[in-house]
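Novice: For what it's worth, our numbering labels the leading residue of the sequence shown as 3, then goes sequentially.
Sharing a structure with you now.
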Amino acid sequence: MSARDRYADAGRGLPVSADPRLPSRVVLCAMCTGRGLEALRALLADWNAGLFGQTILMGVAVTMPLPKTPRELRKGALLVGSAAPALWRLPFIRGLDLDGFPETYPRAYARMLKDLEAAGGTA
């Protein structure tokens, strides 16, 4: 399952639709590290304050940085992610940082895609 055509990196900006009738649907993504969770927490606070404009937050995806991510970080992901409409905890994929798009993904990625499709979040 490769989804290159379905997703885009917004860099450090949010893809805000110019047409309020067609709001952008976004998934915030973060690495499950202290810095990543803090950045995600700040973005969720901005979303909660209405600073995202014409966007619909579909949820957050938190990627585990190691095969065995420390319990404290996993708990932090649950805590921070509880402020979002949905939380997907995505397991570590060896070589993802070098290969970009692996040939196969763990089941958690398919569950996220299924949830997004059910919510009308993908084309």
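The beta-carbon is built from N, C-alpha and C at its ideal position, and this holds for glycine as well.
With DSSP run on the structure shown, which of helix, strand or coil describes Val62?
Specialist: strand
Novice: Determine the contact status of Val82 and Leu59, defining contact as a CB-CB distance below 8 Å.
Specialist: For the pair Val82 and Leu59, the CB atoms are not nearer than the 8 Å cut-off.
Novice: Which partner residues does Cys31 have in the DSSP bridge list?
Specialist: Ala63
Novice: On the DSSP bridge assignment, give the partners of Ser19 in chain order.
Specialist: Answer is none; Ser19 lacks a bridge partner.
Novice: How about Ala20 and Val62: are their beta carbons less than 8 Å apart?
Specialist: no
Novice: If distances are taken between C-alpha atoms only, which option among Cys34, Pro67, Tyr111 and Gly55 comes closest to Phe77?
Specialist: Checking the sequence shown, residue 77 turns out to be Lys, not Phe. Minimum Cα distance to Lys77 is reached at Cys34.
Novice: Quick one: what does DSSP say Arg109 is sitting in, helix, strand or coil?
Specialist: Here Arg109 carries a helix assignment [DSSP, helix/strand/coil].
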